[in-house]
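Engineer: In the numbering used here, the protein residues as written are 184 to 1032. C-beta: ideal position from N, C-alpha, C; glycine also.
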């Protein structure tokens, strides 16, 4: 039986024979050294005929078990089916007094609680405070309807007042009788129970008191895989020098007095992960703790486990004040950042959550966590943004050149009129050769310009050669199964590189020949020019005798010749502006589409979050609600008095940037009519440069996020209040509930109860933690007992310190690490969070509980 238990992964066997403890010692002997724990006990039948499993601690000796059995009136040492001397309720009470724990066996079957009893007798038995667990044959959903309603506390006649959990009045177990090893293969023979490493009756009691957190039937869905922080260690100095902690994958809670290092642990996690605080005050606190408490030279080592796309472990190391280093499980340094491994992890310091409530942008960023990543949309948005900038710069550059050309061409009519007067004086014919020489000079100057583009192409080729093929080299592909196929790509690139190098050499030689040829043409033309110049100088001397300025005529001809190509250039630029403007119109339409799609995704996420936090938090988002980018642009680019205009634009419910830019281009009257702007300020906006207007078109006005909290007491109709109408604590509650919602990444918070009242913690925060902790890891520090106790923390860590943070030392004792079922941990919780047993009892008596 023990061997079979090992095979199927059963770690605990309860030995409960009918009215007998004879075989307990045999099982104990067989289990030694196997890792299987034996819980000794026996099975009784009450005077009503109800079977009860009686289970005791592993260290209870056989003789003591026999005495326990004898206290029920059972004297025979051999197994029997006779009834004990007490009724069901009395049996449960006596088991508790003996230090054991009871389970109502096969409750829906023969000799089971629900079969034997009915009416008031069953109600009395069910409501007994010592009844903590019942055995059922399968899932809760498969139970007979009347039994299911009783178990789920939906039958008011059977209400226990304080049900074990929100889903179960008492714990429901799968633990059918196992008479032979093969019975352990049956899913209804075993179930999962969560407790501290040491198996104890107290561990069972805690599990039965909180089945939602600590019990899982084989028919229940398995916990979802999620990333986790596995372990953290400090070395080399600092307040926590030499300390180390191994975290649980679910709920971890640090407790301790003031100044024991809880905040230091949180800020250590933030620092080793390279995360920046989201709040201004949080940043100051973080920097101060790193500098004065963690201290320069301290090395932080964090082991993390990631589940997607496959399970991998990484070690992140960071020595103050250096950047973090990421290593794989073999210790090799990787070219990764902590954010590449845990992209969605969140760490919040003391009061940092309250700081988030003052920023609409930060609230929106919290909501974006619930949007399914869409890389294609992000890439499309970035591409459209880049293309819009390109078109803006191209249009502005072309318009600037057009303005310069227009300014230069403005002189052309005057030059041509002056030239006509010279022509009328007969200078055209007399200086014809020199005039044509000016045109030839312009043509000759254009030849190198045509060659330059090929020279630039040559330089580009030379920079890119040889083609980089290292990524398909033999070394790069050695671990890949398709290396032989992929290596062919390397051969292709090498061949391409050789051929392009040959092309480069031939192109370089061709350009050299072209340069030589151009130089030859230039030399012959200069020789011709010298002859024409000699004749020209002779003609000039003759003209001077007639008081005619021949040089001015040639200058005119040269100026006109230089301006002639500008007309063609102007036409080309005009076409370019039209093309870029047309392209920009298409991009602007796509830009608005992308922003609208992003908002729809955000709005959808808001709806899903509101549904998930039904009757607690409602999330509302407003499109383009944040006008700060527009205000900043108008203030910096236009300036002057714009206060009334900015106020109008900030108050508008539906703000359209394309409509605003269109009104600016149409002029003052359009701005006054469509936006109601003051005349002088409308005139100032209408005079904005085209560059400013295009930049406004490219702006993105972020959406605004408003959280509404239901402040009505439980059982009352919802009373929704916006953040601006909430107290500091209520604001923090709304944001905290959002942070606790659905994610697979760890969440670390230093004292999440800050600024919250206990009602919100117990009714809102703790239930959410319990729902989510099987799907994600939480690491909290707290002074509030509700979080580790009602949240049923899998790991409670007690921190202690000697001396002040700047010069003292903190330590984490293994004795004070575990869950509430550990006596030493429970005692620490009582002392640190409840003020000790005496204080707790005093409050209980005063409350009348």
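Any chance you could list the alpha helix (DSSP H) runs of at least 4 consecutive residues sitting entirely within the region 432 to 464, in chain order?
Structural biologist: 445 to 455
Engineer: How many Å lie between residue 207 and residue 240 at the Cα?
Structural biologist: Between residue 207 and residue 240, the C-alpha separation is close to 12 Å.
Engineer: Residue 516 and residue 510 look like a contact to me (Cβ under 8 Å); what is the Cβ gap, rounded to whole Å?
Structural biologist: 6 Å
Engineer: Are the region 755 to 764 and the region 571 to 581 touching by the rule of at least three beta carbon pairs closer than 8 Å?
Structural biologist: yes
Engineer: For residue 862, tell me which candidate among 518, 471 and 828 has the shortest Cα-Cα distance.
Structural biologist: 828
Engineer: For residue 714, which of helix, strand or coil comes out of DSSP?
Structural biologist: helix
Engineer: Since residue 485 sits in a beta bridge, which residues does DSSP pair it with?
Structural biologist: Bridge partners of residue 485: 415 and 499.
Engineer: I need the DSSP call for residue 912, collapsed to helix, strand or coil.
Structural biologist: helix
Engineer: To the nearest angstrom, how far is the alpha carbon of residue 268 from that of residue 388?
Structural biologist: 25 Å
Engineer: Spell out the partners DSSP gives residue 893 in its beta bridges.
Structural biologist: For residue 893, DSSP records a beta bridge to 903.
Engineer: Taking residue 960 as the reference, give the member of 585, 433 and 533 with the closest Cα.
Structural biologist: 433
Engineer: Just the C-alpha distance for residue 696 and residue 646, rounded to the nearest angstrom, thanks.
Structural biologist: 22 Å
Engineer: Pick from 377, 501 and 550: whose alpha carbon is nearest that of residue 415?
Structural biologist: If we check each option's Cα against that of residue 415, 501 comes out closest.
Engineer: Using the Cα positions of residue 847 and residue 869, report the straight-line distance between them to the nearest angstrom.
Structural biologist: Between residue 847 and residue 869, the C-alpha separation is close to 5 Å.
Engineer: Taking the alpha-carbon positions, what's the residue 906 to residue 791 distance?
Structural biologist: 19 Å
Engineer: Answer yes or no: do residue 313 and residue 348 have a C-beta to C-beta separation smaller than 8 Å?
Structural biologist: no
Engineer: Measure the C-alpha to C-alpha separation of residue 879 and residue 527 and round it to an integer number of angstroms.
Structural biologist: Looking at the two C-alpha atoms, the distance is approximately 32 Å.
Engineer: Could you check what DSSP says for residue 384 in three-state terms: helix, strand or coil?
Structural biologist: helix
Engineer: Between the region 323 to 342 and the region 288 to 301, do at least 3 Cβ pairs fall closer than 8 Å?
Structural biologist: yes
Engineer: Just mark residue 1020 as buried or exposed, buried being the case when its beta carbon has 16 or more other beta carbons within 10 Å.
Structural biologist: exposed
Engineer: Compute the Euclidean distance between the alpha carbons of residue 608 and residue 627, then round it to the nearest angstrom.
Structural biologist: The predicted position of residue 608 is uncertain, since its pLDDT is 44 and thus under 50; a value taken from the coordinates is nonetheless stated next. Annotation: residue 608 to residue 627 spans about 30 Å, alpha carbon to alpha carbon.
Engineer: Since residue 1045 and residue 352 should fall inside the 8 Å C-beta cutoff, what is the C-beta to C-beta distance between them, to a whole number of angstroms?
Structural biologist: For the chain, the structure presents residues 184 to 1032; residue 1045 sits outside this window and is missing.
Engineer: So, for residue 372: in the same chain, excluding its five sequence neighbours on each side, which residues have a beta-carbon less than 6 Å away from its beta-carbon?
Structural biologist: 359, 361 and 366
Engineer: If you count every other CB in all the chains shown that lies within 10 Å of the CB of residue 253, and 16 or more means buried, which is it?
Structural biologist: exposed
Engineer: Below 7 Å CB to CB, which residues in the same chain sit around residue 947 once its five sequence neighbours on both sides are set aside?
Structural biologist: 799, 916 and 920
Engineer: In the DSSP output, what is residue 374 paired with across the bridge?
Structural biologist: 400
Engineer: Give the single residue among 276, 953, 423 and 913 whose Cα lies nearest to the Cα of residue 315.
Structural biologist: 276
Engineer: Out of 411, 426, 538 and 566, which one is the CA nearest neighbour of residue 496?
Structural biologist: 411
Engineer: Where does residue 733 fall in DSSP's three states?
Structural biologist: Note on residue 733: pLDDT 47, under 50, position unreliable in the model; the coordinate value appears next. Helix, per DSSP.
Engineer: Evaluate residue 751 with the Cβ neighbour count: other Cβ atoms within 10 Å of its Cβ, from every protein chain shown; 16 or more gives buried, anything less gives exposed.
Structural biologist: Here residue 751 is exposed: its Cβ has fewer than 16 other Cβ atoms, across all protein chains shown, within 10 Å.
Engineer: Take the Cβ of residue 654 as the centre, count every other Cβ of all protein chains shown within 10 Å, and call the residue buried at 16 or more, exposed below.
Structural biologist: exposed
Engineer: Can you tell me where the alpha helix (DSSP H) with residue 847 in it begins and where it stops?
Structural biologist: 840 to 849
Engineer: What did DSSP end up calling residue 860 once you bin it into helix, strand or coil?
Structural biologist: Note: residue 860 maps to coil in three-state DSSP.
Engineer: Pop quiz: residue 530 and residue 485 are said to be a contact at Cβ under 8 Å. What is the actual Cβ separation, rounded to whole angstroms?
Structural biologist: With 8 Å as the limit, residue 530 and residue 485 do not qualify as a contact, their Cβ atoms being about 12 Å apart.
Engineer: Tell me the rounded alpha-carbon separation between residue 480 and residue 802.
Structural biologist: 45 Å
Engineer: Any idea if residue 728 is buried or exposed, counting beta-carbon neighbours within 10 angstroms, 16 or more meaning buried?
Structural biologist: Unreliable positioning characterises residue 728 in this predicted model, as indicated by a pLDDT of 44, which lies under 50. The coordinate reading is nonetheless provided below. Result: exposed.
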